[in-house]
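Read the structure below first, then the notes.
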Amino acid sequence: MLSDLTIYMPSNRTLEGSKDAIESLLAFSQATGCRMVISDNSQDPRKYAAFSGRSDNLAYLTRDDTNAQENAISALSKVETSFVMPMGDDDTIRLVDKLSPIDLSRLAPDVVMVRPQTEIWVEKSGVLRTENFSIELDDPAERIAQYGRTSLGNNSIFYSICRSEYYLGLHRHFSAWHPTKGGYCDWSMTTALIASGKVVHDPAIVYRYDLGRWSSNDTLEIAKASLFVQAGLPPEAHDFYPLLRFIDTYVMLMSRHLPLDQTQRDKTLAINSTMGLAAFVNAVKGKPERYNDTVHHLVDLILEEAELNTVFIIALMLAECLQLGLKDRYLAYYQAVTSEQTRAV
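Offset between the sequence shown (1-based) and the working numbering: plus 1022.
Laid out in structure tokens, this is it:
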């Protein structure tokens, strides 16, 4: 049923921490025929012994390093199917009884993602809510705006079935050229995919997303800060997150392998500017003591500027206020993406 799909799982947890996730993936593959790739850098030999060789559809890779991004790229390097889906090693996936998943070969060409029923789950309380909205507007910019309205600050739709052509293309650029390769960039990746095509809902697939450390106010801020520190940015990068998200999304939308004509690209860049920079401007104006005089001056320039290319350059100058050298590294990323220079995943 899903033989043209590969689900990939970068896994760092021990056998105990990842067992439920991997067992659910194995059962899902047995029921649907999908391919699986697990790239394991947990260095837990019991885990390899438990799962390696369990299925002909499973490629089980081991790595000695602990770099999360490299582990993900390792898994993606084995994807050869037309569709791909990421999976966390603390989540689970299953089929609904008596329902068959969507036939991927029959999807309309303008459908880029198939989102499952997504159960938002925490250990203490179980399922908090189920998300199943689709995004089927024809206009790419309107799809981005709809996602902004309906996501409610939660990017769980990231764990969806995607066309490999676009998903892998974005990851190739990201892994080769992105300045930080940070785990906070998933929102920008999702936005670029939604700009590329429609998102339909498949009620036959249930993906249980474990909120984990994101579920408690006590751990949420620590979890957010760790994403930036792990990416080599200073702890105060969290205050610049809307800016970084604007820059990342801007560059990804410029990727020439996405199915956007120039008019569509211009509209998506404009809506990204409206949504992304507004959040950063509001943050700077709302808590001015967190930002220096240069940041305030550059934000004022953005408010006066109508040309998107100039706004992007000012945004890069703001990134330089966060970390020296970040502007030039982002320029190199932008130039690589727009000139189609990329290395294979």
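Note that beta-carbon positions come from the ideal geometry of N, C-alpha and C, so glycine has one too.
Nearest C-alpha to Tyr1030 among His1223, Tyr1082, Asp1042 and Ser1077: Tyr1082.
Pairwise C-beta distances place the segment 1094-1111 out of contact with the segment 1147-1158, as fewer than three of them are shorter than 8 Å. Pro1310 counts as exposed, since fewer than 16 other C-beta atoms from the protein chains shown sit within 10 angstroms of its C-beta.
Where Gly1148 is concerned, there is no enclosing alpha helix (DSSP H), although the beta strand (DSSP E) around it starts and stops at Gly1148 to Glu1153. When rounded, the separation of the alpha-carbon atoms in Ile1142 and Asp1112 is 12 Å. DSSP places Gln1139 within a strand segment (E or B) once states are collapsed to three. Close CB contacts of Leu1265 within its chain, under the 7 Å cut and outside five residues either way in sequence, are with Phe1302, Ala1337, Leu1340 and Ala1341 (chain order). Going by DSSP, Ile1166 is part of the alpha helix (DSSP H) stretching over Pro1162 to Thr1172. Around the beta-carbon of Gly1148, fewer than 16 other beta-carbon atoms lie within 10 Å, marking it exposed. For the pair Met1297 and Gly1170, the CB atoms are nearer than the 8 Å cut-off. Inclusion of Ala1217 and Arg1151 in the CB contact set at 8 Å is not warranted, their separation being larger than that value. Taking the Cα of Ile1060 as reference, the smallest distance to any Cα among Gln1052, Leu1320, Ile1095 and Leu1117 is reached at Ile1095. The three-state secondary structure of Ser1127, taken from DSSP, is helix. DSSP lists Met1058 as the bridge partner or partners of Leu1080.
DSSP places Tyr1229 in the strand class (E or B) of the three-state scheme.
Under the three-state reduction of DSSP, His1223 is assigned to strand.
Contact between Leu1037 and Arg1068 holds: their C-beta atoms lie close to 5 Å from each other, under 8 Å.
Taking C-beta atoms under 8 Å as the contact rule, Thr1271 and Ser1173 fail to qualify, at a distance of about 14 Å.
Ser1040 and Asn1079 do not touch by the CB rule: their CB atoms are close to 18 Å apart, not below 8 Å. By the Cβ neighbour-count rule, Gly1308 is exposed, with fewer than 16 other Cβ atoms within 10 Å of its own.
In this structure, Ile1179 lies away from Val1222, with their beta-carbon atoms at least 8 Å apart. Non-local beta-carbon contacts of Phe1262 in its own chain, meaning distances under 6 Å to residues more than five positions away in sequence, involve Leu1344 in chain order. Annotated three-state conformation of Leu1192 is helix, per DSSP. Val1228 and Ala1328 have their C-alpha atoms roughly 44 Å apart. With respect to Pro1123, Thr1202 sits apart: the two C-beta atoms are not nearer than 8 Å.
As a beta-bridge residue in DSSP terms, Val1106 pairs with Thr1028 and Cys1184. Under DSSP, Val1144 takes part in a beta bridge, and its partners are Gly1148. The three-state secondary structure of Thr1360, taken from DSSP, is helix. The three-state secondary structure of Val1101, taken from DSSP, is coil. Per DSSP, Thr1114 is one residue of the beta strand (DSSP E) stretching across Thr1114 to Leu1117. Under the three-state reduction of DSSP output, Ser1210 falls in the helix class.
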